[in-house]
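**Student:** Numbering (our numbering), first residue to last: 399 to 875.
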Amino acid sequence: MQQYQIYIGGEWLNPSSQQWFESENPFDGKPWAMIPRCTESDVDDAVAAARRAFAEGPWSDMVAASRGALLRKAGDCLVDSAEHLAELETRDTGKRITESLPQIKYIAEWFRYYGGLADKVEGRVIPLDRNDIFNYTLREPLGVVSAITPWNSPVMIAVWKIAPALAAGNTVVVKPSEHASASTIEMMKVFEAAGFPPGVVNVVTGFPQECGERLVSHPDVAKVTFTGSDRGGRQINRIAAESFKRVTMELGGKSPQIVFEDADLESAVNGVISGVFLSNGQTCVAGSRLYLHKAIAERFVNRLSAEMTDLRMGDPFDPRTQLGPIANRAQYDKILSFIGEAKAQGATCVHGGRAAEGHDLGQGLFVEPTIFTDVTPQMQVCREEVFGPVLGIMTFDSEDEVVAMANDTPYGLAAGVWTENIQRAHRMVRRIAAGTVYVNTYRAVNVASPVGGYKASGFGRENGIEAIEAYLQTKSV
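#1: Under three-state DSSP, which class holds T535?
#2: Are there 16 or more other CB atoms within 10 angstroms of the CB of Y534, so buried, or fewer, so exposed?
#3: Grab me the residues of R697's own chain with a C-beta within less than 8 Å of its C-beta, minus the 5 sequence neighbours each way, in chain order.
#4: DSSP state of H616, grouped into three classes?
#5: Taking Cβ to Cβ, would you say S544 is nearer than 8 Å to V619?
#6: Between A740 and Q776, how many whole angstroms is the CB-CB distance? I'm expecting something under 8 Å.
#7: When you compare only the Cα positions, how much space is there between S677 and E485?
#8: Using CA atoms only, rank isn't needed, just tell me which of A565, K428 and C682 is closest to Y511.
#9: Counting pairs of beta carbons, one from the stretch 466-480 and one from the stretch 499-517, are three or more of them closer than 8 Å?
#10: Could you check which residue in P848, R644 and I694 has the C-alpha nearest to that of L540?
#11: Name the DSSP beta bridge partners of R644, please?
#12: Could you have a look at F605 and say whether DSSP puts it in helix, strand or coil?
#13: List the endpoints of the continuous beta strand (DSSP E) containing C747.
#14: So S498 and E487 are in contact, right, with Cβ under 8 Å, and what is the actual spacing, rounded?
#15: Spatial neighbours of T876 within its chain, please: CB distance less than 6 Å, with the 5 preceding and 5 following residues excluded, ordered by chain position.
#16: Do E648 and C609 come within 8 Å of each other at the CB atom, strictly closer than that value?
#17: Name the DSSP bridge partner or partners of K573?
#18: How about V542 and V445: are their beta carbons less than 8 Å apart?
#19: Inspect the CB distances between the stretch 799-815 and the stretch 698-709 and report whether three or more fall short of 8 Å.
#20: Compare the C-alpha of L515 against each of P574, N861 and E799 and name the closest.
#21: Would you tell me roughly how many angstroms separate the C-alpha atoms of K503 and I495, rounded to the nearest one?
#22: Could you tell me the distance, in whole angstroms, from the CA atom of Q821 to the CA atom of I830?
#23: From the DSSP secondary-structure annotation, give me the bridge partner or partners of H757.
#24: DSSP three-state call for N412: helix, strand or coil?
#25: Would G685 and Y809 qualify as a contact pair, given that the criterion is a beta-carbon distance under 8 Å?
#26: So the beta strand (DSSP E) V699 belongs to, where does it begin and stop?
#27: Mind reading off the beta-carbon distance from V550 to T491? Whole number of angstroms is fine, and I expect it under 8 Å.
#28: Give me the DSSP bridge partner(s) of T400.
#29: Identify every residue that forms a DSSP beta bridge with G814.
#30: Indicate, with yes or no, if the ligand ATP has a heavy atom lying under 7 Å from the CB of W558.
#31: Could you check if M826 is buried or exposed, using at least 16 other CB atoms within 10 Å of its CB as the buried criterion?
#32: Please state whether DSSP places S421 in a helix, a strand or coil.
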């Protein structure tokens, strides 16, 4: 098995505990890598290295154009490393190689975009009510940023945080999920190859109680950016508030997809499948609540069920596979418990509903793609994030009715609207309380388009110009 090290101050180091923990391949059920088990001492060392790089090293003296050039170089190095990183991510999370490889190749655009934006950060001259005072503003970096990332798309979400933070002039300590750390550790070689000064980017790994909480509470950390569950977000936000840290939160979702009677049904069916099943529901924007107009509900469900029958489960390294395993055992058990509870509460399972087994699935953590009808707004499957291949279906008669149902959730990350009526589409976009609304598409991502949530789905935005603003502060001179 590969035994990994942490990366602090430009050096590859063993954890101070001299302990590692196993990472399990969710397809074959076997441990495949040893991940460093860091302690607070390692976090302190990483933050100290990041602080030195910010305050004393060549990074602090570097002009914005030079930072941008390094970021663009990192994009090129990421493309060169994409196949290796995608292989690690697929082995670690079960994500299909046909998804992980294109995703990591595309993530290079984040380094290029923010590399180009680095020297576009500008202050302004302010006209005052007197002539003998000259007033202008500077936009300055915050300092050390801690970036805490989830297990579903480790490289992508880490880059979403690292690229704008570095473009703004900050330094970063990354802590990936203990369930999927390998690809993030290996990505540090991208920054080495690009020529970043020591300490600008660092990585520690391990468990929340042993090192994660220290990374949030550390007095030399100026900002925390976190992607994960709303439960984890609440805890991190409480800790960060004690020392008035800046915080960006991209949390969970229970995103609705709404299909009107005039929608292109083939496109909508494909959008629903892509939105919740091809990713195994393991994406924050998973469209796991489906609202169908009563005029097309039966036809749509039949068509969707037929399409689901043909989806191929199997080895995530096989390019023919359309559904891979669940990323880790804890999530696998959680999904099955959600399915059991939905049945107990009276929802009708019209497809799937069980753990999947078969000779092509090895010892993998597979769950059948599952569809429930007769779902009511009070059911757990409608209220809580499953983060698995589980879809709950409800019906509606009118716009007012479906808007009320779609917004009846503690979350507000994303939503989908399927209609050929352009006036209706724009009305729905304004009425739905979500940070991203897709119209006649779903799960589209672009570096220039901001991502973030309403309500319990978090606050702040990643991607686009909004992201770099979150890593800057204003000084009035």
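Cβ coordinates follow ideal geometry from the N, Cα and C atoms, glycine included.
**Tutor:** Result, derived from the coordinates:
#1: strand
#2: The residue is exposed, with fewer than 16 neighbouring Cβ atoms inside 10 Å.
#3: Excluding positions up to five away in sequence, the list reads L663.
#4: coil
#5: yes
#6: Wrong, their Cβ atoms sit about 12 Å apart, outside the cutoff.
#7: 17 Å
#8: Closest option to Y511, Cα to Cα, is A565.
#9: yes
#10: R644
#11: K621
#12: coil
#13: Run containing C747: T746 to H749, per the beta strand (DSSP E) assignment.
#14: 5 Å
#15: Residue 876 lies beyond the range of the chain shown here (399 to 875); nothing can be said about it.
#16: no
#17: I546
#18: In terms of Cβ geometry, V542 and V445 form a close pair [threshold 8 Å].
#19: no
#20: N861
#21: 12 Å
#22: 15 Å
#23: None, per the DSSP bridge assignment.
#24: coil
#25: no
#26: Premise fails: V699 lies in the alpha helix (DSSP H), A695 to T707, not in any beta strand (DSSP E).
#27: Correcting the residue identity first, residue 550 is Asn in this sequence and not Val. Yes, they are in contact, since the Cβ atoms of N550 and T491 sit about 7 Å apart, within 8 Å.
#28: Inspection of the sequence shows that residue 400 is occupied by Gln rather than by Thr. Paired residue(s): A431.
#29: Q655 and Y836
#30: Annotation note on the ligand ATP: not contained in the displayed structure, which lists no ligands.
#31: buried
#32: strand
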